[in-house]
Amino acid sequence: MKSARPIVTLDLDGVICSPPFGINLGISSAFVNPDAPALPARIPPPWLRAIVDPLRFELRRPLPGMHDALHRLSEVRTVILLTGRRSDPTRWLRRHGLDQYFDRILINDGPLKSAHYKLEAVTRLGAAEHVDDDGRTAQLLAQRSATRVFLCDWPRNRGVTDTPGVTRVEGMPGFVRLVYGEG
């Protein structure tokens, strides 16, 4: 039964799809105080997001090896897309043939910044694992949740290497190899 499989949550940008020009500017290796209260996000009005988000996101491509990695992962995990985006990525996923691998798609439609939104979500879902590209998110989840955290390797997040509870992986293919005990 598929629902009995462990839950894995996956970030979208920098984990499943490539950033523009291969430069991942949206991630950080700056640590957050895990005990500090979550600050509200600055959320652009819906009319502005309707214009800007397609320009920011629609031209991105899946990272290499994504179809195979997601297919293999969906055989042994309940796969949930957990994105800090505030716009629905379903059309993008469908266009690239990736929607079939996800059991659920969760977008950040609340007041929290991405890292705290994801912390709340993995806790509520009881996620066994989470894969992200943002060092700040990885650090917060590792320190404040029971979820095993995996960080996709990008040059801008290499300062997170020594965070206890964060395992660095070579993208989704590297994470899937770990899940299958292949390395």
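To convert, take the position in the sequence shown, counting from 1, and add 8; that gives this note's numbering. From the three backbone atoms N, C-alpha and C, an ideal C-beta is built for every residue, glycine too.
query	result
Pick from A135, P48, G179 that is closest to N116, judged by C-alpha positions	P48
C-alpha gap between I51 and A154, whole angstroms	29 Å
A58 classed as buried or exposed, judged by whether at least 16 other C-beta atoms fall within 10 angstroms	exposed
First through last residue of the beta strand (DSSP E) which encompasses T91	86 to 91
Close beta carbons around D61, own chain, < 6 Å, minus the five adjacent residues each side	S95
Secondary structure of V130, DSSP reduced to three states	helix
Stretch pair the stretch 76 to 93 + the stretch 103 to 112: three plus CB contacts closer than 8 Å	yes
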